[in-house]
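Here is the structure we will look at.
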Amino acid sequence: MRIFLIGFMGSGKTTWGRLISEKMGLPFFDLDEIIEKRVDLKINDIFETKGEDYFRKLEAVCLRELHEKKDFILACGGGTPCFYDNMMVMNSLGSTVWLNTPKQVMATRLLQESGHRPLIRSLSPLKLQEYIDDKLEERLQFYQQATMIVDPTLSSPDELIHQLQHA
Ligand code: S3P
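In my numbering, each residue carries its 1-based index in the sequence shown increased by 59.
Below, the structure is given as structure tokens:
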């Protein structure tokens with residue numbers, strides 16, 4: 060089973076991904092980590108030295124290479140579904156789960172941990188709120204193509220596993 064966790068930065072993809080992978084006994088991968096290993100650079104440095112376009116191409120390539128694996132949980136980056144045909148690729152390979160976390164929850168998390176996220180690291184709290192509002196609106200059309208939608212504040216990893224196993 061291939062499960063792709065998608066959602067905005069700070070929605071909880073990595074935390075949920077690790078929990079679900081342990082409970083289901085499936086390997087866990089984080090797309091940002093795969094990308095970092097591939098070029099031996101941190102995400103911040105990729106954005107700074109090579110630019111976002113380069114990052115998005117690399118992201119699309121690394122995502123497609125996962126077709127060789129049959130079973131995994133993948134935590135995508137927040138922008139992964141929104142570039143190239145990534146959403147279509149993921150939906151054709153397996154199930155996509157959108158972690159539709161309330162904006163305020165994500166904003167609180169992102170205020171505390173924006174350092175390693177190039178798109179928001181230099182934003183003031185007010186600008187961050189605006190950024191989340193604007194970007195989320197722009198990205199909804201992609202996130203909404205997910206096969207399953209979960210609000211992590213109202214559901215649990217066990218419930219999601221149940222849904223995945225009975226889909
Ligand atoms: C991005 C989200 C990040 C990372 C990169 C770009 C985005 O992943 O891929 O900084 O465009 O939203 P996380 O969602 O894991 O922070």
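All C-beta atoms in this analysis are idealised placements derived from N, C-alpha and C, irrespective of residue type, glycine included.
Could you work out which residue in the options is closest to residue i when comparing CA atoms only?
| i | options | result |
| --- | --- | --- |
| Gly-138 | Glu-127, Gln-222 and Phe-67 | Phe-67 |
| Ile-208 | Leu-158, Pro-140 and Leu-185 | Leu-158 |
| Ile-220 | Thr-155, Lys-128 and Tyr-143 | Thr-155 |
| Ser-70 | Asp-210, Gln-188 and Val-148 | Asp-210 |
| Glu-189 | Leu-213, Glu-172 and Gln-163 | Gln-163 |
| Arg-97 | Asp-112, Glu-124 and Leu-182 | Glu-124 |
Would you mind giving the Cβ-Cβ distance between residue i and residue j, rounded to the nearest angstrom? I have them listed as a contact below 8 Å.
| i | j | result |
| --- | --- | --- |
| Lys-72 | Leu-64 | 4 Å |
| Cys-135 | Leu-199 | That pair is no contact at about 16 Å. |
| Pro-161 | Tyr-202 | About 14 Å; that fails the 8 Å criterion. |
| Tyr-113 | Ile-105 | 7 Å |
Can you check whether the CB of residue j is closer than 7 Å to the CB of residue i?
| i | j | result |
| --- | --- | --- |
| Tyr-143 | Ala-119 | yes |
Tell me the DSSP secondary structure of residue i in three-state form.
| i | result |
| --- | --- |
| Ile-62 | strand |
| Asp-192 | helix |
| Thr-139 | helix |
| Leu-178 | coil |
| Met-207 | strand |
| Asp-89 | strand |
| Phe-67 | coil |
Looking at chain C, is there any beta carbon in it that lies within less than 7 Å of the beta carbon of residue i?
| i | result |
| --- | --- |
| Met-165 | No chain C is part of this structure, which consists of one protein chain only. |
| said: Which runs of the alpha helix (DSSP H) at least 4 residues long sit entirely within the segment 116-176? Give them in chain order. | reply: 145-152 and 162-171
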